[in-house]
Amino acid sequence: MTSLTIFIDAARYASAKELHLALKMMLDLPSHYGCNADALYDCLSERKGKPVNLCLFTPGEGETADAVRKVVHVIEDLGGDTRLL
């Protein structure tokens, strides 16, 4: 099983939307990606045998931090690892 590791500094994003747009680019998600945790789950669950690992430099604040928590749950639910650096 091959995994993909992404690195995120959530402090760089002013909103959940910005975070999800960055995830869309990093993970090469489809154009119809809905920029939320449910859509992320749907897109990543279609990638059989290729879990995503997340290395997080900072969790961000406010709305972004809430979105990061949801992203962490999605990644872990789909068999990926998360780590705060």
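Okay, so the sequence shown: first residue is 95 according to my numbering, each after it adds one.
Yeah, the Cβ is synthetic: ideal placement off N, Cα and C, and Gly gets one too.
Check your understanding: TYR107: which of THR99, LEU98, TYR135 and LEU117 sits nearest, CA to CA?
Key -> Of the residues THR99, LEU98, TYR135 and LEU117, the one whose Cα lies closest to the Cα of TYR107 is LEU117.
Practice item. Using the Cα positions of LEU172 and MET119, report the straight-line distance between them to the nearest angstrom. Key: 19 Å
Practice item. Whole angstroms is fine: what's the gap from LYS111's alpha carbon to LYS144's? Key: 24 Å
Point to revise | Enclosing alpha helix (DSSP H) for LEU117 [first to last residue] | key: For LEU117, the uninterrupted alpha helix (DSSP H) run begins and ends at 110-120, by DSSP.
Point to revise | Spatial distance of THR96 from GLY128 (CA atoms) | key: 25 Å
Check your understanding: So PHE101 packs on CYS137, CB below 8 Å; how close in whole Å?
Key -> About 19 Å separates the beta carbons of PHE101 and CYS137, which is beyond the 8 Å limit, so they are not a contact pair.
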